[in-house]
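Under our numbering, the first residue of the sequence shown is numbered 21, with each subsequent residue one higher. Please read the structure below before turning to the comments.
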Amino acid sequence: MNWKRTLFYVWLSQLLMQFGFSAVMPFIPLYIGQLLNTDNERQIGLWVSLFHFFSLLCFCLATPVWGRLSDQYGRRKMLMLSNFCYAFLIPLMCLAPNVMVLVLIRSIVACLGGMNIIAKSLVSAQSPNERQGFALGILSTAEWGGLVLGFLLGGVMLDRFGFMTGFLICGLMSALAGLMVYNVRDECSARSAAAKVPLSFRYIVATHFSLPSMEKIVISAILLFIGVQFLRNFDSPYVPMMVKTAFGAANVAGNTGVINAIACTGGIFSGLLAGWLCDRVPARLIIIPSLVVTALATAAQPLALTVAWFSAFRFLQGLSAGCLVSVLHTLISRHSRPEERSTIFALASSTSTAAMALGALCSGVIVSTLGVPWAFYIPLLLYLLLIPLFRGLLFGNIN
């Protein structure tokens with residue numbers, strides 16, 4: 021089977037999935053404000069942090085299981101199952117009578133969501149090793165492209181039709197994404213005839229939660245990925261609140277959508293750029309500049325005087341952070357055994373998601389005590405600290 025065909029259909033599924041998700045989820049602070057019937061940014065900020073913390077925590081715990089199931093029973097099947105679970109459950113969020121129920125539904129949805137990691141492992145398993153950077157870079161453009169469409173259309177849609185329409189469209193896009201994956205043949209799964217033999221519950225638990233063997237470079241890349249994801253989730257939940265604080269409540273969803281869409285445009289370019297660079301230059305020549313630019317662009321956002329400047333800083337952040345994530349994914353893929361890639365990607369995702377949950381909780385405390393702008397200022401120092409902490413990875417002879 022042509023690996024480009026797999027890349028095409030998985031690319032389409034990720035585009036649809038990200039479009040539906042980003043049409044409503046980034047605007048959750050506004051929905052939480054409606055449920056609480058308040059404009060108090062510190063109260064809303066606390067619930068936003070809890071919303072993200074519990075959803076990310078559940079995703080963290082569930083992702084390794086999805087990775088093991090994908091390696092054992094087939095990536096295509098698990099990717100379709102994850103998409104269809106989203107299609108059924110996300111529309112239920114519009115029926116939440118209060119914030120606690122909203123957080124509960126989102127947490128359940130997070131337990132059933134492993135499509136991004138499964139998609140990456142499916143594409144990497146069927147791509148030639150020398151084209152890993154290209155394939156994963158192209159796949160990342162689907163994620164960023166879907167985010168752009170979702171942000172642009174979602175902001176307008178929510179201003180006109182409300183959140184119920186947004187949740188329904190998100191569910192519909194998830195169903196269409198599952199249908200796209202139906203066109204992919206799962207021929208590179210690590211399944212064997214032995215996988216069909218009934219296994220004991222004890223064996224299944226031990227298998228799903230055991231660690232795969234990994235090279236030192238893979239461990240270092242995962243640890244750096246964890247640090248980056250902790251910081252990326254420090255500010256992102258509070259973009260709508262920052263926009264409202266800086267530029268007023270008028271058209272806040274529309275302005276937030278435009279700003280995030282421009283940021284994701286940077287992510288699209290980052291996927292193309294990183295895909296080209298990863299196959300040609302050492303990883304450290306991408307990682308170090310990306311860390312510096314991401315740090316400066318994040319801290320500059322509260323200082324923006326206009327929506328245009330805010331958008332420009334978000335664009336730079338999306339460009340640099342996207343390159344950073346793409347090169348780390350490529351390192352992990354290149355130095356992992358093919359039969360364990362799903363498991364290792366799932367491990368990277370679950371541990372980094374735990375870091376994102378911790379980041380959301382920490383930033384929530386900061387926002388509730390110091391205010392929204394500090395969620396953007398504090399990552400400046402922490403991003404720069406990652407360079408000396410990972411000097412072995414960044415300054416070694418690693419490709």
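Ideal placement from N, C-alpha and C gives every residue a C-beta, glycine not left out.
Could you check where the alpha helix (DSSP H) with Glu61 kicks off and where it finishes? Glu61 to Tyr93
Where Asn280 falls, given that 16 or more other Cβ within 10 Å makes a residue buried: buried
Near Thr185, which residues of its chain fall below 7 Å by C-beta distance, leaving aside the five closest residues on each side in sequence? Met177
Have a look at Asp299 and Phe28 and give me their C-alpha separation to the nearest angstrom. 20 Å
Which two residues bound the contiguous alpha helix (DSSP H) that contains Glu235? No alpha helix (DSSP H) contains Glu235, which DSSP labels as neither H nor E.
DSSP three-state assignment for Ala270, whether helix, strand or coil: coil
Please classify Ala270 as buried or exposed, where buried requires at least 16 neighbouring CB atoms within 10 angstroms. exposed
Please state whether the Cβ-Cβ distance between Thr314 and Ser340 is less than 7 Å. yes
Would you tell me roughly how many angstroms separate the C-alpha atoms of Cys382 and Asn22, rounded to the nearest one? 45 Å
7 Å Cβ cutoff met for Leu192 and Met135: no
Between the alpha carbons of Ser331 and Ala283, how many angstroms are there, rounded? 7 Å
Could you give the residue range of the alpha helix (DSSP H) that holds Met200? Phe183 to Val201
Local Cβ density within 10 Å of Gly198, reported as buried at 16 or more and exposed below that: buried
Assuming contact is defined by CB atoms lying nearer than 7 Å, are Ala366 and Pro84 in contact in what I supplied? yes
In the DSSP assignment, the alpha helix (DSSP H) including Arg334 goes from what residue to what residue? Val327 to Arg354
Going by beta carbon distance, what residues of the same chain come within less than 7 Å of Pro309, once the five residues before and after it are set aside? none
CA-CA distance, Pro257 and Gln92? 35 Å
For Pro399, I'd like the list of residues in its chain whose CB is within less than 6 Å of its CB, leaving aside the five on either flank, ordered along the chain. Leu251, Phe254 and Thr318
With Leu351 and Ile189 assumed to form a contact (beta carbons below 8 Å), what rounded beta-carbon distance in angstroms separates them? Wrong, their Cβ atoms sit about 36 Å apart, outside the cutoff.
Alpha carbon of Val259 to alpha carbon of Pro46, nearest angstrom: 8 Å
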